[in-house]
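Accompanying notes for the structure given below.
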Amino acid sequence: MRTKAELSIGLFSIGVIIFIWISGFALLAHEKQITIAAARQANANRAQILEYETQSVLKEIDDYLSLVKQNVESSGKLSPATIGLTERLLSRVAVKQIGIADRQGNLALFGHPGAKVNIGKEERFLSQKQQNSALLHIDKPHNGLLPAQYYLYLSMRLNDRNGDFAGIASVAVSMEKFFAIPSGSDQQPREGIVILGLDGIVRASVNFPTILSGESYDHDLEPLLSAAQYNQVGELINRDNHDHLYHRAFRLISGYPLIICTEISESAALKPFYERTRGFVVLGVIFSLIILLFDGYLIRTIRNRVHAEKTAEEISDRYRTLLHDIQDGVIQTDLSGKILMANEAVAQTFGYQTPSDLIGKDIAAFWQDADLRAELRQKVTLQGHINDFPVSIRDRQGQHQEFSVNASIRRDSMGRMDGFVAACRNVTEQRRIEREKQDLLAKAAGIERISSLGIMVASVAHEISQPLQAGKLAVESVIYWQSQGKELSQKNQLSNVRRAADAFQRISRIVQHLRDFVRPPEQGAANSPTVNQAVLSALDLMQARLKDHAINVRLDLQADMPVPGGNLSRLDEAVINVLHNALQALESTANPDRTIWISTLTVKNDLILKIENNGPPLDTAVAAKAFEPFFTTKARTEGMGLGLHIVRNITQLAGGSVGIANSGQGVMVEFRFPGTNPDTAAKNKEISHANSIS
Numbered sequence: 002m003r004t005k006a007e008l009s010i011g012l013f014s015i016g017v018i019i020f021i022w023i024s025g026f027a028l029l030a031h032e033k034q035i036t037i038a039a040a041r042q043a044n045a046n047r048a049q050i051l052e053y054e055t056q057s058v059l060k061e062i063d064d065y066l067s068l069v070k071q072n073v074e075s076s077g078k079l080s081p082a083t084i085g086l087t088e089r090l091l092s093r094v095a096v097k098q099i100g101i102a103d104r105q106g107n108l109a110l111f112g113h114p115g116a117k118v119n120i121g122k123e124e125r126f127l128s129q130k131q132q133n134s135a136l137l138h139i140d141k142p143h144n145g146l147l148p149a150q151y152y153l154y155l156s157m158r159l160n161d162r163n164g165d166f167a168g169i170a171s172v173a174v175s176m177e178k179f180f181a182i183p184s185g186s187d188q189q190p191r192e193g194i195v196i197l198g199l200d201g202i203v204r205a206s207v208n209f210p211t212i213l214s215g216e217s218y219d220h221d222l223e224p225l226l227s228a229a230q231y232n233q234v235g236e237l238i239n240r241d242n243h244d245h246l247y248h249r250a251f252r253l254i255s256g257y258p259l260i261i262c263t264e265i266s267e268s269a270a271l272k273p274f275y276e277r278t279r280g281f282v283v284l285g286v287i288f289s290l291i292i293l294l295f296d297g298y299l300i301r302t303i304r305n306r307v308h309a310e311k312t313a314e315e316i317s318d319r320y321r322t323l324l325h326d327i328q329d330g331v332i333q334t335d336l337s338g339k340i341l342m343a344n345e346a347v348a349q350t351f352g353y354q355t356p357s358d359l360i361g362k363d364i365a366a367f368w369q370d371a372d373l374r375a376e377l378r379q380k381v382t383l384q385g386h387i388n389d390f391p392v393s394i395r396d397r398q399g400q401h402q403e404f405s406v407n408a409s410i411r412r413d414s415m416g417r418m419d420g421f422v423a424a425c426r427n428v429t430e431q432r433r434i435e436r437e438k439q440d441l442l443a444k445a446a447g448i449e450r451i452s453s454l455g456i457m458v459a460s461v462a463h464e465i466s467q468p469l470q471a472g473k474l475a476v477e478s479v480i481y482w483q484s485q486g487k488e489l490s491q492k493n494q495l496s497n498v499r500r501a502a503d504a505f506q507r508i509s510r511i512v513q514h515l516r517d518f519v520r521p522p523e524q525g526a527a528n529s530p531t532v533n534q535a536v537l538s539a540l541d542l543m544q545a546r547l548k549d550h551a552i553n554v555r556l557d558l559q560a561d562m563p564v565p566g567g568n569l570s571r572l573d574e575a576v577i578n579v580l581h582n583a584l585q586a587l588e589s590t591a592n593p594d595r596t597i598w599i600s601t602l603t604v605k606n607d608l609i610l611k612i613e614n615n616g617p618p619l620d621t622a623v624a625a626k627a628f629e630p631f632f633t634t635k636a637r638t639e640g641m642g643l644g645l646h647i648v649r650n651i652t653q654l655a656g657g658s659v660g661i662a663n664s665g666q667g668v669m670v671e672f673r674f675p676g677t678n679p680d681t682a683a684k685n686k687e688i689s690h691a692n693s694i695s
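Just add 1 to the spot in the sequence shown (first one is 1) and you have this note's numbering.
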């Protein structure tokens, strides 16, 4: 669909092209008329010049021949006066040569410009043919003769005193002056000389226009024109003007007409015009193509711009719609914190009816923690953007709201930072639910620990009964010997007391383990045992139960060092959970050699704890979800699926990581604690804090 702008440009371009062509052809037509008029005027001027010059030359010649005739007739011979007349004629007109011959054709006088005139030189002036031709018409006075092209030979009969024929006087006049083409001219005039006798016989013709004969002179005193052609000549003589031929008739000596014809044809005159016309057409076509190409380019540019504007408008509409409908808040501020733009979600969250009510307000007025705002601004400025930054604000009614913010810097067209833009999601309800979830998880974990405590009661009773019985025997031994009136040696007494103290110490340690196990984690012991100590402590509580199920425990505790920055106070609880799971797995197998391998070692400064059993292997899907809360493959009456989840949280709280996988023996749980990489430990602690169940 074409736009009005495209149609306007197209019509304007077509109008410009039509105007250029019409104007150009109008100018060319005007120039053609001017050229034709100039050619005709040039022809007329040239004819006038030829007429004037020809009349002057012919008058000089006519006077010369008349004087020669008088001189001969008066003196009967050529006198020095004739020489003077000849020399004067040679110097005044465009005469090539002058000769006077006697009756036999012998030269009596001969001369040419720049040379001395000779008299009586025995040379033939005319050829025999020319002489014979001249004698044919000698009875007629003043015959014309033109034997060569571009020379006009004028001859006359010379009589002696008695009136008898004495010879011929002839003058050769150069016509080059009259036929010369102007230097530098591209015009090709056609000119000619025709001499006619009184009887209408053409005596000579030189380069006469093709309108008459189209031939140049090649005969001596013989007719060159037919009667019809002669009639055309006669018409030309009597006509004053012609479209293509300008002419004048002059009397030559005794009435022979001399026709000087000159023509500058319109086609020759218009040749440069036609060349300019062709040039104009070529330039016009090129210019029209340029206009059309530019027109196409301009239309494409307009189309692209219209399309871009339309696309931008559609994007802007979608952007406005998205901002209006999106549930997350979008807000934009300048560097000082003044709100420049906000969507509906932000306005509703902040307690305003429309986003325009927020424009111009300072975002700092809504923050609860100024230090947290400064931290966010600093991180965004340094990093360019930040994701999931926790923010707490007060809305218009003073209510506490929690947000998760993704913020970035905003730059102007020069690339300079001029503000901030942020997408914020109201997570107040989500955080409340998460806190409730954590509370539920903590309670469930407590229940899980209590249920685990029940599992260990039998083992604990057995563990307590042994040292209690040993202590009882030691004390009763002392009492018995005292009642018998016998005193034991001090060494024996000390030995019995020491055995009793060790037994009671073991009982105290077991009781303390039980208290720590049941007590909430944040209230546990502050000191951090080593990994090996945690393993041995767990075995103290689980050893009796493992023996009851005929499960062997193989220890290979090589490394015994504290974890830098790690809190291992609850690691024994994690080990107990893993041992309990191993016990349950081994119960389901008929393998008589039920074994649990516990080992510690260091790998690249990391402390590794491995607990492996030769029970049935795990499915890949089960291993992937083993540490998720409430995931279990057992019946609900046997557990809540929080055991390994608690193990992971305890391990991460200690700055380590834990994984489970099938091994060559069966199933292996591997704990890894960084020994010399505090950053890794800190990161794991942060993860543990986020997933804490306390």
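All C-beta atoms, glycine included, are put in the ideal place defined by N, C-alpha and C.
| Pairing CB atoms from the stretch 19 to 34 with CB atoms from the stretch 311 to 321, are three or more of them under 8 Å? | no
| query | What does DSSP give as the partner residues of Ala424 in its beta bridges? | reply | Val331 and Asn407
| query | To the nearest whole angstrom, what separates the beta carbons of Leu608 and Phe674, a pair I think is in contact under 8 Å? | reply | 4 Å
| query | When the Cα of Val331 is compared with those of Ala309, Gly416 and Ile360, which residue comes out closest? | reply | Ile360
| Which residues does DSSP pair with Lys339 in a beta bridge? | Asp363
| query | Taking the alpha carbon of Asn606 as the point to measure from, which residue in Gly657, Glu32 and Ala535 has its own alpha carbon closest? | reply | Gly657
| request: Buried or exposed for Gly416, please, with buried defined as at least 16 other CB atoms from any protein chain shown within 10 angstroms of its CB. | output: exposed
| task | Under 6 Å Cβ to Cβ from Asp396, same chain only, skipping five residues before and after it: list those, please. | result | Phe351, Gly352 and Gln402
| query | How big is the Cα-Cα spacing for Arg436 and Gln369? | reply | 20 Å
| said: DSSP three-state label for Arg417, please. | reply: coil
| Excluding five sequence neighbours on each side, which residues of the same chain lie with their C-beta closer than 7 Å to the C-beta of Asn663? | Pro618 and Leu619
| Identity of the residue in His386, Pro356 and Glu32 nearest Ile410 by Cα | His386
| task | Would you kindly report the start and end of the unbroken beta strand (DSSP E) that includes Leu558? | result | Ile552 to Leu558
| Beta carbon of Ile300, beta carbon of Ser14: below 7 Å? | no
| Own chain, CB closer than 6 Å to Ser600, minus 5 neighbours either side, in chain order | Asp557 and Lys611
| field | Identity of the residue in Gln559, Thr590, Ser478 and Gln585 nearest Val604 by Cα | value | Gln559
| What number of angstroms, rounded off, separates the C-alpha of Leu549 from the C-alpha of Arg500? | The sequence shown places Asp at residue 549, not Leu. Those two C-alpha atoms are separated by around 26 Å.
| task | My understanding is that Arg374 touches Ser405, with C-beta atoms under 8 Å, so please give their C-beta distance in whole angstroms. | result | Arg374 to Ser405, Cβ: 15 Å. No contact.
| query | Can you tell which of Ala40, Phe632, Thr621 and Val536 has the C-alpha that lies nearest to the C-alpha of Phe274? | reply | Ala40
| query | So, helix, strand or coil for Thr596, using DSSP? | reply | strand
| message | Here's the rule: buried if 16 or more other CB atoms are within 10 angstroms of the residue's CB, otherwise exposed. What is Gln354? | response | exposed
| request: Output the distance between the C-alpha atoms of Ser337 and Val347, rounded to the nearest integer angstrom. | output: 19 Å
| field | Proximity below 7 Å, CB of Gly112 to CB of Ile101 | value | no
| request: In the DSSP assignment, find the beta strand (DSSP E) that holds Glu613 and state where it starts and stops. | output: Asp607 to Asn614
| Are the CB atoms of Glu613 and Met669 nearer to each other than 7 Å? | yes
| query | Is the stretch 587 to 595 touching the stretch 642 to 656, taking contact as three or more C-beta pairs under 8 Å? | reply | no
| Proximity below 7 Å, CB of Ala424 to CB of Asp358 | no
| message | Taking the straight line between their C-alpha atoms, what separation do you get for Gly11 and Glu276? | response | 31 Å
| query | Got a sec, what are the start and stop residues for the beta strand (DSSP E) Arg649 sits in? | reply | That residue, Arg649, is in no beta strand (DSSP E); its alpha helix (DSSP H) goes Gly644 to Leu654.
| Separation of Leu383 from Asp363, as counted between CA atoms | 22 Å
| Once you ignore the five residues that flank Asn344 on each side, which residues in its own chain have a CB closer than 8 Å to its CB? | Leu324, His325, Ile327, Gly330, Val331, Ile332 and Pro356
| query | Quick one: Cα of Val17 to Cα of Phe281, how far? | reply | 16 Å
| request: May I ask you to report which of helix, strand or coil DSSP gives Gly676? | output: coil
| Backbone secondary structure at Arg397 - three-state DSSP | coil
| query | Exposed or buried, what is Arg546 when buried is set at 16 or more other beta-carbons lying within 10 Å of its beta-carbon? | reply | buried
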